[in-house]
């Protein structure tokens, strides 16, 4: 696609998503699907430069990748330090200052990117912006350039309004409160505000709106009088959720414009870290045979495990390491070792390329006895066999849709992507949530009967690797795995998988998006 703004009179679609891989990639897949389906559009995807691996996939669908330099996440330990950790006041202030600078630069780059798309030509019917919940900049920028804004989130809204929000809003903005309370049907109303739009009214957005965007500091108000825009009633914004109504109850007090589409699964080709494996997957039906290249065939041999009657247990924490939670990788590996020794199962660990964990794996692998060297020599550079050949470690990625049906259960962090993949595969889950929506998914899986009670953090990744901490964590983990593999949980996982197999979440999201954007703008 040609660079620049208006795309030669073509309607323009900007997809903007920030956060970790699980926050961003499903929205990128939606952008690619829209671009393939609606080739008259000039489609752009704005995200962190850390997600540059998306660029080739997006280009294949004629989507322009526009990176911003901000990091996907602030390390969890840094966030904890800010909120009252052991750091000194000076260190807290120093990090807060750096954080503020990052945010300011991030917003500046967002403005520059969106301006490059919409700034040269006036908006036309059909132009729109799609954001996830971590890209609220896009909402304000859509207002600036007078285009429709749509929300697309592969997870339940990750933040809720403070308990005092309604009272304070009513006190500070009584007329605006009335404006939302008296809103006609299908226009922005208090239900939208309390569900997710309350976050648009925080003070930091107000100063950016007025100082940098020349908008009124308070959305939906006149920039001169600060009174509500009584003569303007915007349509309730379309909110596309990438999860299934079979899994998440959608209560009646949600906005009528919110749609649970079904889970959004990434295109298979996007999930391979190895280009040769990706090419093989395109050329054959993976259910009929090998999908991995010769370099990675050792993983398939491990999964088959002729000397074992049972399938292996998967373990993976995705971006939890890069977010600062996995502070003692050795302790995590020692917990897995103890769990392995107390069961008959083999395990397959995905490190997600987290360098400290990969280093700990290599350190243990380098100390193996000579009798293990023959097995180790057949592994690729991104693989390792530990603990008498019963833990296969892999730093790359392959599709969960191929791997999980070959596993007995999945141990993970209750991220939306891992949760959805394990539900579709119909395998029991053992979950250990760390932040945001992960706690919701963990509790939901337990309530649905496909996972035992969620693990606490210290039962999977204890901070200390002393013998007692490892023993206690492994005991709890072993108990959770044993519970997950009970016949009733396995049967329930199969029942839910059968129901999900009829859904096409990505297709439904695309259908609703086209219906709202294309049909309405043609009338």
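In the UniProt record's numbering, the protein residues as written are 1 to 523. Where a beta carbon is used, it is the ideal one built from N, C-alpha and C, also for glycine.
Between the alpha carbons of residue i and residue j, how many angstroms are there, rounded?
| i | j | result |
| --- | --- | --- |
| residue 61 | residue 30 | 11 Å |
| residue 81 | residue 134 | Bear in mind that a pLDDT of 39 at residue 81, under 50, signals an unreliable position, so the model cannot answer this. |
| residue 211 | residue 198 | 21 Å |
| residue 423 | residue 492 | 10 Å |
| residue 14 | residue 325 | 33 Å |
| residue 67 | residue 341 | 46 Å |
| residue 356 | residue 329 | 7 Å |
| residue 498 | residue 425 | 9 Å |
| residue 40 | residue 511 | 17 Å |
| residue 486 | residue 344 | 15 Å |
| residue 46 | residue 24 | 10 Å |
| residue 263 | residue 147 | 27 Å |
| residue 230 | residue 179 | 7 Å |
| residue 139 | residue 514 | 19 Å |
| residue 247 | residue 214 | 43 Å |
| residue 267 | residue 35 | 14 Å |
| residue 524 | residue 256 | With the chain covering only 1 through 523, there is no way to say anything about residue 524. |
| residue 105 | residue 169 | 29 Å |
| residue 350 | residue 518 | 41 Å |
| residue 159 | residue 388 | 44 Å |
| residue 265 | residue 245 | 15 Å |
| residue 516 | residue 120 | 25 Å |
| residue 509 | residue 427 | 26 Å |
| residue 11 | residue 220 | 26 Å |
| residue 216 | residue 103 | 20 Å |
| residue 116 | residue 122 | 12 Å |
| residue 49 | residue 94 | 25 Å |
Mark residue i as exposed unless 16 or more other C-beta atoms lie within 10 angstroms of its C-beta, in which case mark it buried.
| i | result |
| --- | --- |
| residue 51 | buried |
| residue 252 | exposed |
| residue 224 | exposed |
| residue 196 | buried |
| residue 100 | exposed |
| residue 202 | exposed |
| residue 154 | buried |
| residue 282 | exposed |
| residue 237 | buried |
| residue 546 | No answer is possible for residue 546: it lies beyond the span of the chain, which begins at 1 and ends at 523. |
| residue 143 | buried |
| residue 319 | buried |
| residue 18 | buried |
| residue 27 | buried |
| residue 20 | buried |
| residue 44 | buried |
So which of the options has the shortest CA-CA distance to residue i?
| i | options | result |
| --- | --- | --- |
| residue 560 | 507, 36, 275, 367 | Since the first residue shown for the chain is 1 and the last is 523, residue 560 is missing from the structure and cannot be characterised. |
| residue 174 | 186, 190, 184 | 190 |
| residue 405 | 304, 364, 464, 333 | 304 |
| residue 322 | 73, 32, 241 | 73 |
| residue 56 | 113, 275, 41 | 275 |
| residue 453 | 479, 100, 338, 383 | 479 |
| residue 474 | 69, 483, 517, 338 | 338 |
| residue 401 | 350, 183, 359, 418 | 418 |
| residue 298 | 234, 383, 353 | 383 |
| residue 333 | 393, 218, 319 | 393 |
| residue 70 | 216, 96, 107 | 107 |
| residue 466 | 456, 449, 331 | 331 |
| residue 129 | 94, 365, 149 | 149 |
| residue 457 | 235, 26, 435, 449 | 435 |
| residue 416 | 427, 403, 439 | 439 |
| residue 273 | 397, 192, 488 | 397 |
Flag this pair as yes or no: are the beta carbons of residue i and residue j separated by less than 8 Å?
| i | j | result |
| --- | --- | --- |
| residue 533 | residue 399 | Beyond the ends of the chain as shown, which are 1 and 523, falls residue 533; an answer cannot be given. |
| residue 429 | residue 408 | no |
| residue 200 | residue 136 | yes |
| residue 176 | residue 141 | no |
| residue 470 | residue 291 | no |
| residue 16 | residue 131 | yes |
| residue 413 | residue 433 | yes |
| residue 42 | residue 58 | no |
| residue 9 | residue 242 | no |
| residue 327 | residue 437 | no |
| residue 317 | residue 352 | yes |
| residue 314 | residue 410 | yes |
| residue 187 | residue 249 | no |
Under 7 Å from any heavy atom of the ligand PLP, does the C-beta of residue i make it?
| i | result |
| --- | --- |
| residue 390 | By its list of ligands, the structure shown contains no ligand whatsoever, and the ligand PLP lies outside what it can speak to. |
**Report entry** Complete beta strand (DSSP E) runs within the segment 408-469 (minimum length 3 residues, chain order)
**Finding:** 409-412, 429-431
**Report entry** Length at least 4, wholly inside the segment 251-315: the alpha helix (DSSP H) runs in chain order
**Finding:** Considered as a whole, the segment 251-315 harbours 275-283, 297-304 as its complete alpha helix (DSSP H) runs of no fewer than 4 residues, in chain order.
Query raised in the report: Along the chain, which unbroken stretches of the beta strand (DSSP E) at least 3 residues long are found entirely within the segment 327-361?
Result: 347-350
Query raised in the report: What are the uninterrupted segments assigned as alpha helix (DSSP H) that are 4 or more residues long and contained completely in the segment 187-228, given in chain order?
Result: Listed in chain order, the complete alpha helix (DSSP H) runs (minimum 4 residues) inside the segment 187-228 are 190-195, 203-211.
Query raised in the report: Hey, which unbroken runs of the alpha helix (DSSP H) at 4 residues or more fall wholly within the segment 7-48?
Result: List check, alpha helix (DSSP H) in window: 21-37.
Query raised in the report: Taking only runs of the beta strand (DSSP E) that begin and end inside the segment 120-178, which ones reach a length of at least 3 residues, in chain order?
Result: 128-131, 148-153
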